[in-house]
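Asker: With the working numbering applied, the sequence shown corresponds to residues 418 to 828, in that order.
The beta carbon of each residue, even a glycine, is placed where N, CA and C say it ideally should be.
What you are looking at is a predicted structure, and each value in this text was computed from that prediction instead of being measured.
Handing you this structure, nothing more for now.
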Amino acid sequence: MTYYRQVGEVPPKRHTQHRDADGFLHREELMGEEGFSSDSSLLYHRGVPSAIVDSQVWELPDQSLRPNHPLKPRHLKLHDLFPDGGGGCPVEGRRLVLGNADVRIAYVVTGTDPSPYYRNAIGDECVYVESGSGTVETVFGVLAYRTGDYVIVPRATDHRWLPAEPSRLYAIEANSHVAPPKRYLSRYGQLLEHAPYCERDLHGPTEPYLLEGEDVEVLVKHRTSAGVVGSRLTYATHPFDVVGWDGCLYPYTFNVEDYMPITGKVHQPPPVHQVFEGQNFVVCNFLPRKVDYHPLAIPVPYYHSNVDSDEVMFYVGGDYEARKGSGINLGSISLHPGGHAHGPQPSAIEASLGVEYFEESAVMVDTFRPLELGEGGLAVEDPAYAWSWAGRGPDSGPGEADGGPAVFSNS
Numbered sequence: 418m419t420y421y422r423q424v425g426e427v428p429p430k431r432h433t434q435h436r437d438a439d440g441f442l443h444r445e446e447l448m449g450e451e452g453f454s455s456d457s458s459l460l461y462h463r464g465v466p467s468a469i470v471d472s473q474v475w476e477l478p479d480q481s482l483r484p485n486h487p488l489k490p491r492h493l494k495l496h497d498l499f500p501d502g503g504g505g506c507p508v509e510g511r512r513l514v515l516g517n518a519d520v521r522i523a524y525v526v527t528g529t530d531p532s533p534y535y536r537n538a539i540g541d542e543c544v545y546v547e548s549g550s551g552t553v554e555t556v557f558g559v560l561a562y563r564t565g566d567y568v569i570v571p572r573a574t575d576h577r578w579l580p581a582e583p584s585r586l587y588a589i590e591a592n593s594h595v596a597p598p599k600r601y602l603s604r605y606g607q608l609l610e611h612a613p614y615c616e617r618d619l620h621g622p623t624e625p626y627l628l629e630g631e632d633v634e635v636l637v638k639h640r641t642s643a644g645v646v647g648s649r650l651t652y653a654t655h656p657f658d659v660v661g662w663d664g665c666l667y668p669y670t671f672n673v674e675d676y677m678p679i680t681g682k683v684h685q686p687p688p689v690h691q692v693f694e695g696q697n698f699v700v701c702n703f704l705p706r707k708v709d710y711h712p713l714a715i716p717v718p719y720y721h722s723n724v725d726s727d728e729v730m731f732y733v734g735g736d737y738e739a740r741k742g743s744g745i746n747l748g749s750i751s752l753h754p755g756g757h758a759h760g761p762q763p764s765a766i767e768a769s770l771g772v773e774y775f776e777e778s779a780v781m782v783d784t785f786r787p788l789e790l791g792e793g794g795l796a797v798e799d800p801a802y803a804w805s806w807a808g809r810g811p812d813s814g815p816g817e818a819d820g821g822p823a824v825f826s827n828s
């Protein structure tokens, strides 16, 4: 996180006694990143945060991955994963779409039932709310979420989701921490003037959230040498027993409406759309905006070869009628892997000339290790997409490669 907050009651000096009106001594917990060398917060508990009374196996949904082999671009229709309208658990109902050693991308359409208490002990979670609203209860306090929000939950934060209505959640689960791009931060962590958003746009908890209870179960996702696994830890007292906290590490939301797109005289490369970064991956958002204003500008991207990265676009808003012919539509993911040049459909180049505004929204994840396909991605793949630039596939004869309809694309 980029700035300091104080919520609830904390003592004047850290690591000193903090007692309530009856003389009860609260237990101080340091929650910090990178040993004791990076962002942290101090939380003051009524109970003992390490007091567990049981630990059992939590059988996770299928976490297996299959290589993108033979190499080809992929189109995954996420809305087809939940054809009956969803109703899945915001945590246990997630279906793994793509992943590698640095990040996993999962998708779920929820009902309105609350999730179990949950902690991801592997890395931060960046959950994009494609649609829906509700709250996320956390050990730091409560966050409200709505359509267009990124919900950032730091590693090892106890929390649970309470959808107020069915919600489509696109979960980017890191094996590291997720933060604003370093180039937008001062050396002390303030968002700079050229950044496309600022601290006013980041919304963290505003007051403590205290619950009482005994023998409370928390689902914990963690890693072993065998990969991603789960455990069910039962705590003697409720984990939401924090009377106050302060520091620079906490969950928050950021809505895409508060992101100010950067545009230029000619086409701008994807890094100008970056919103967050993790270890070996970045998150960008492409939003409605004016496009290139050079008199000879070509608004759609030039063809580009991802020599170092795989590129994932999740199409979440806008008018995609022009995409007919490629199959891309709302709820689609395109995976364009390293080692393969990609760009707009051929006829889209001429069709884009003179266009002054793009009405579209997409979330992009670029990774620096190859992405593999999870069971969710394999279940909803469009097998025709890879051949859409040529206008024919391996089972068809020669044809006109440039005769398809216009397909605008930022990827």
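With the cut-off set at 7 Å, would you say residue 673 and residue 551 are in Cβ contact?
Answerer: Mapped onto the sequence shown, residue 673 falls at position 256. Mapped onto the sequence shown, residue 551 falls at position 134. Taking 7 Å as the Cβ cut-off, residue 673 and residue 551 do not qualify as a contacting pair.
Asker: Given a cut-off of 7 Å, decide if residue 776 and residue 678 are closer than it, judged by their beta-carbon atoms.
Answerer: As a position in the sequence shown, residue 678 is number 261, starting the count at 1. As a position in the sequence shown, residue 776 is number 359, starting the count at 1. It is not a contact, given that the beta carbons lie outside the stated cut-off.
Asker: Report the three-state DSSP secondary structure of residue 566 (helix, strand or coil).
Answerer: Taking the sequence shown and counting its residues from 1, the one referred to as residue 566 is at position 149. Of the three classes helix, strand and coil, the one that applies to residue 566 here is strand, per DSSP.
Asker: In or out: residue 755 buried (at least 16 other Cβ within 10 Å) or exposed?
Answerer: Taking the sequence shown and counting its residues from 1, the one referred to as residue 755 is at position 338. Classification of residue 755: buried, given that the 10 Å Cβ count is 16 or more.
Asker: Just to confirm the assignment, what range does the beta strand (DSSP E) spanning residue 548 have?
Answerer: For this step, residue 548 is matched to residue 131 along the sequence shown. Run containing residue 548: 542-548, per the beta strand (DSSP E) assignment.
Asker: State the DSSP-derived secondary structure class of residue 427, mapped to helix, strand or coil.
Answerer: Numbered from its first residue, the sequence shown carries residue 427 at position 10. Coil.
Asker: Starting from the C-beta of residue 738, find all residues in its chain whose C-beta is less than 7 Å away, skip the five residues before and the five after it, and write them out in chain order.
Answerer: Numbered from its first residue, the sequence shown carries residue 738 at position 321. Note that residue 738 has pLDDT 39, beneath the 50 cutoff, so the model's placement of it is unreliable and the number below is only indicative. So no residue of the chain qualifies.
Asker: What three-state label does DSSP hand residue 532 in the structure shown?
Answerer: For this step, residue 532 is matched to residue 115 along the sequence shown. Coil.
Asker: Cβ atoms of residue 751 and residue 716: under 7 Å apart, would you say?
Answerer: As a position in the sequence shown, residue 716 is number 299, starting the count at 1. As a position in the sequence shown, residue 751 is number 334, starting the count at 1. Cβ distance not < 7 Å, so residue 716 and residue 751 don't count as in contact.
Asker: Provide the residue(s) that pair with residue 721 in DSSP beta bridges, ordered along the chain.
Answerer: For the purposes of this step, residue 721 is taken as residue 304 along the sequence shown, with counting starting at 1. In the DSSP output, where bridge partners are listed per residue, residue 721 has 759.
Asker: Let me check understanding here. Comparing Cα to Cα, which of 747, 727, 766 lies closest to residue 753?
Answerer: Along the sequence shown, read from residue 1 onward, the residue named residue 753 stands at position 336. Residue 727 is the option with its Cα nearest to residue 753.
Asker: Bridge partners of residue 445, per DSSP?
Answerer: Position 28 of the sequence shown, counted from the first residue, corresponds to residue 445. Bridge partners of residue 445: 461.
Asker: Apply the 10 Å Cβ neighbour rule to residue 430 and answer buried if 16 or more other Cβ atoms are within range, or exposed otherwise.
Answerer: Start at 1 with the first residue of the sequence shown, and residue 430 comes out as number 13. Exposed.
Asker: Hey, which unbroken runs of the alpha helix (DSSP H) at 4 residues or more fall wholly within the stretch 568-592?
Answerer: DSSP runs (the alpha helix (DSSP H)) wholly in the stretch 568-592: none.
Asker: Can you list the alpha helix (DSSP H) stretches of 4 or more residues lying completely in the stretch 654-701, in chain order?
Answerer: Segments of the alpha helix (DSSP H) lying fully in the stretch 654-701: there are none.
Asker: Near residue 830, what residues of its chain come up, given a Cβ to Cβ distance below 8 Å and the 5 sequence neighbours on each side ignored?
Answerer: Given that the chain is displayed from residue 418 to residue 828, the structure contains no residue 830 and the question cannot be resolved.
Asker: For residue 648, which of helix, strand or coil comes out of DSSP?
Answerer: Locating residue 648 in the sequence shown gives position 231, counting from the first residue. If DSSP states are grouped into helix, strand and coil, residue 648 belongs with the strands.
Asker: Touch check for the stretch 652-669 and the stretch 463-476: three-plus C-beta pairs under 8 Å?
Answerer: Output reads yes: the stretch 463-476 touches the stretch 652-669.
Asker: So, with DSSP's three-state summary, where would you put residue 483?
Answerer: Walking along the sequence shown from the start, residue 483 turns up at place 66. Note: residue 483 maps to strand in three-state DSSP.
Asker: Can you tell me whether residue 784 is buried or exposed, with buried defined as 16 or more other CB within 10 angstroms of its CB?
Answerer: Stepping through the sequence shown from its first residue, residue 784 is reached at position 367. The residue in question, residue 784, is buried, as its Cβ has 16 or more Cβ neighbours within 10 Å.
Asker: If you follow the alpha helix (DSSP H) that residue 792 is in, where does it begin and where does it stop?
Answerer: Start at 1 with the first residue of the sequence shown, and residue 792 comes out as number 375. Run containing residue 792: 792-796, per the alpha helix (DSSP H) assignment.
Asker: Could you check the C-alpha separation between residue 623 and residue 614 for me, to the nearest Å?
Answerer: On the sequence shown, residue 623 is found 206 positions in, with the first residue counted as 1. On the sequence shown, residue 614 is found 197 positions in, with the first residue counted as 1. Residue 623 and residue 614: Cα-Cα distance of roughly 20 Å.
Asker: Give me the residue from 505, 486, 492, 488 with the minimum Cα distance to residue 746.
Answerer: For the purposes of this step, residue 746 is taken as residue 329 along the sequence shown, with counting starting at 1. Closest by alpha carbon: 492.
Asker: Between the stretch 563-582 and the stretch 658-673, do at least 3 Cβ pairs fall closer than 8 Å?
Answerer: As far as the Cβ criterion goes, the stretch 563-582 touches the stretch 658-673, which means the pair count is three or higher.
Asker: CA-CA distance, residue 506 and residue 593?
Answerer: The residue you call residue 506 lines up with position 89 of the sequence shown. The residue you call residue 593 lines up with position 176 of the sequence shown. When rounded, the distance between both Cα atoms is 24 Å.
Asker: Assuming residue 583 and residue 549 form a contact by the criterion Cβ under 8 Å, report the distance between their Cβ atoms to the nearest whole angstrom.
Answerer: Counting from 1 along the sequence shown, the entry for residue 583 is found at position 166. Counting from 1 along the sequence shown, the entry for residue 549 is found at position 132. Correct: roughly 6 Å between the Cβ atoms.
Asker: Where residue 448 and residue 809 are concerned, what is the direct C-alpha to C-alpha distance, given to the nearest angstrom?
Answerer: The count along the sequence shown starts at 1 and reaches residue 448 at position 31. The count along the sequence shown starts at 1 and reaches residue 809 at position 392. Distance between the alpha carbons of residue 448 and residue 809 is about 55 Å.
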